[in-house]
Each structure stands twice: as C-alpha cells, then as structure tokens.
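Taking the working numbering, the leading residue of the sequence shown gets 1, the next gets one more, and so forth.
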Amino acid sequence: MGPAQTLAAILGLSTVSGVNLYLTVLLVGAGQRFGWIHGLPPDLAILGHPVVLAVAGFLFLVEFLADKVPFITPIWDGIHTFIRPLGGALLALGAAGDLHPVAKVLALLAGGTIALGTHGSKMGVRLLAHTSPEPAGHSALSVAEDVGVIGLLALVYTHPAVALPVLGAILLATALLLPMLARALVFVLTGLRGAIRSLVGRGGRDEIPAWVELKLLEHTPSDPGEVLPCFARRVKGLPRFHRAFLARAGGGWHLIHRRWFRTRILALDEGPGPVRTFPGFLWDSAVFLRDGKPQILLVSRDWRHALPKPEA
C-alpha cells in the first residue's frame, strides 16, 4: 500500500470504528477473505479468519437490533464509549503495517482519539433525537450510519485520494462539535450511573460541588435549602445537556449553573415544584416555569426521590 492508501486506511478505519466497530471488522474481514480488498497489512489480514468473521457478525447483529430501540441505544453507546476507541486504535495500528515504530505509535494514538470523537458524534446525534423517540426515526438514523460506514470504507479502499479530503471534512466537523459531544458523553454516563445507583442507593448532599453550595449561601444565607443535580433539556440561555443544579431555597426554586467560568443562579417561577414530570428510562423530565415559559430539566433516576410531585 502506498502512503496515500495507508493514511486513508488509518484515518478511515478510525473514523468508522467510532460509529460501528463490529460492522467495520466484518466488512474489512470479508473483503480480505473474498478478495474484495487487496494488499492488507498482515495485522489486518487476520480479520478474514472465519472465527473473527463469525464473532463480528454476531456482535453486529446484536448492535443492529439494539440500535433500533430508543431507550436501549444510550445504554449500548455508553458501554461502547470504552470499546470503540480501543477498537479504532488497534485497527489504526494494524493499518500502519510496516511503518516506523514512531509512526505506529502515532497511528495508535490518532486512531483511538478519532474513534472516540466519531463515537461521541454518534452519541450526541442520538441524544438529540431522543426528544422524539419514535422507533422509525431511530431506525432511519441507525441504517444511515451503517450505510455511511459501508460507503466510507468502500471509498477508502477504492479511491484513497478522494477519501482523504472527505475524511478531513468529517474530522473537522467532529472537532467543531466537541463541546456538545463532551456534554453528551457526561450526560449518558451520568444517566447510566443513576440507573444503577437507583437499584442500590440514592444520591446524597455530599455529591453537590462546593461552588453550588457557596452560590446558594450567597443568594439565601439564612435558608440554603436542598439541591439536586440535573441537565438542561430546554432551558433559555443554556445549551442542551448542560449540567446544572436545582435548588429549593427561600420559598422558591432556583437553577444554578456554571458557564464560561462564571456561576449564575436563575430564579424559577414560584411554586412547590415542577408543573409536570415525565418518568423516563434513564432520566425523568421535569417542567418548571420561568417568566411563564416552560423550562425542561432532566433528573437521573437516583435523584428522582428529591423531586416533588406536581400538584394535581
């Protein structure tokens, strides 16, 4: 493989591994076994072994089914936050072939980083779609991702010179989305932790950061009240999945958050609690009012006990 082919393979395998690792292994392995792809480095040629193909095919089938269920997808993606970057790093290392050891190390590091970025992109898009959990919409996203993996791999191994600028554009878009992706990652992992902890225990006051306590004491020194963590789903002035804290103090509810190194506190409309709540699989949605307009917050399952029930 020439330099352009090698670079395209390293970047391409890393990129698609973050979207669907098992389909990537299955396609490259099948390409090696049936002669669709020629000149693979020895470390990648092993992907054509029947046992590897069988395992990859089985795992792809499991992911294909899990990807179609809106409330299973966040759990599956959360688990694969660790698996896909590792797989992308190993595939990039294998694609490096006989390059200098330093180049191999760089390929390994780049592969893991790129796979983590595209995995985060996938997870972020799915979470944005989570507000409309129709199965047909999630199924369409899943199929589009799989088609993208197939098309990009075909481009990498048939027209590497064309694939390189395409991959560059994808990686640039991923980098621009990093803030949202980081929030989405924290959101998913917090939801998973909350679901597990709801079975064995509940969140406590000791989990509230000091800066939240200080802001609350500054605002209502005589009545610091209770605090529970949450995430913004639709709150004016906050990006989606931004971490915040609901505080009940001074006879009302407030939303405390930190952005651009500044801590702010927003007063919500007076009331004993949310006007409506919607139980969810990983998160409960709580609707508060601010200036008469609905503000939707998400509370993990281990903290749902601290959220007052809406008045009938």
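Glycine included, every Cβ here is placed at the ideal spot set by N, Cα and C.
For residue j and residue i, believed in contact at Cβ under 8 Å, the rounded distance
{"i": "residue 220", "j": "residue 249", "result": "4 Å"}
{"i": "residue 10", "j": "residue 111", "result": "7 Å"}
{"i": "residue 15", "j": "residue 178", "result": "Not quite, the Cβ-Cβ distance comes to about 15 Å (not below 8 Å), so this is no contact."}
{"i": "residue 149", "j": "residue 23", "result": "5 Å"}
{"i": "residue 29", "j": "residue 47", "result": "4 Å"}
{"i": "residue 31", "j": "residue 157", "result": "7 Å"}
{"i": "residue 8", "j": "residue 163", "result": "5 Å"}
Beta carbon of residue i nearer than 7 Å to that of residue j
{"i": "residue 241", "j": "residue 182", "result": "no"}
{"i": "residue 94", "j": "residue 43", "result": "yes"}
{"i": "residue 41", "j": "residue 97", "result": "yes"}
Of the residues the options, the one placed nearest residue i, counting alpha carbons only
{"i": "residue 191", "options": "77, 83 and 4", "result": "77"}
{"i": "residue 186", "options": "154, 158, 96 and 244", "result": "244"}
{"i": "residue 194", "options": "272, 274, 301 and 53", "result": "301"}
{"i": "residue 236", "options": "289, 65 and 46", "result": "289"}
{"i": "residue 291", "options": "262, 271, 211 and 90", "result": "271"}
{"i": "residue 92", "options": "308, 200 and 109", "result": "109"}
{"i": "residue 54", "options": "27, 74, 210 and 306", "result": "27"}
{"i": "residue 273", "options": "210, 309 and 33", "result": "309"}
{"i": "residue 127", "options": "100, 140 and 188", "result": "188"}
{"i": "residue 260", "options": "269, 74, 238 and 275", "result": "238"}
{"i": "residue 209", "options": "38, 258 and 105", "result": "258"}
{"i": "residue 200", "options": "104, 303, 166 and 269", "result": "303"}
Same chain, Cβ closer than 6 Å to residue i, five either side skipped, listed in chain order
{"i": "residue 297", "result": "230 and 286"}
{"i": "residue 234", "result": "296"}
{"i": "residue 5", "result": "160"}
{"i": "residue 59", "result": "22"}
Residues near residue i by beta carbon distance below 8 Å, same chain, minus five either side
{"i": "residue 18", "result": "84, 85, 88, 114, 115, 116, 117, 118, 119, 120, 121 and 122"}
{"i": "residue 216", "result": "224, 225, 227, 247, 249, 254, 256 and 265"}
Beta-carbon contacts of residue i that lie in its chain and below 7 Å, excluding the five residues immediately before and after
{"i": "residue 145", "result": "19, 20 and 122"}
{"i": "residue 142", "result": "67 and 68"}
{"i": "residue 281", "result": "71"}
{"i": "residue 267", "result": "252 and 254"}
{"i": "residue 212", "result": "227, 245 and 256"}
{"i": "residue 299", "result": "228, 230, 283, 284, 286 and 307"}
{"i": "residue 103", "result": "96"}
Contact test: residue i Cβ vs the ligand MN heavy atom, cutoff 6 Å
{"i": "residue 274", "result": "Among the components of this structure there are no ligands whatsoever, and the ligand MN is therefore not found."}
Practice item. Scan the stretch 72-106 and note each continuous beta strand (DSSP E) run of 3 residues or more that stays entirely inside, going in chain order. Key: none
Practice item. Tell me the start and end of each unbroken beta strand (DSSP E) in the stretch 238-306 that is at least 3 residues and wholly inside, in chain order. Key: 243-249, 252-259, 262-267, 276-278, 283-290 and 293-300
**Study point:** Ranges of the alpha helix (DSSP H) found wholly within the stretch 12-36, counting only runs of at least 4
**Key:** 21-33
Point to revise | Ranges of the alpha helix (DSSP H) found wholly within the stretch 145-224, counting only runs of at least 4 | key: 160-176, 178-200 and 210-219
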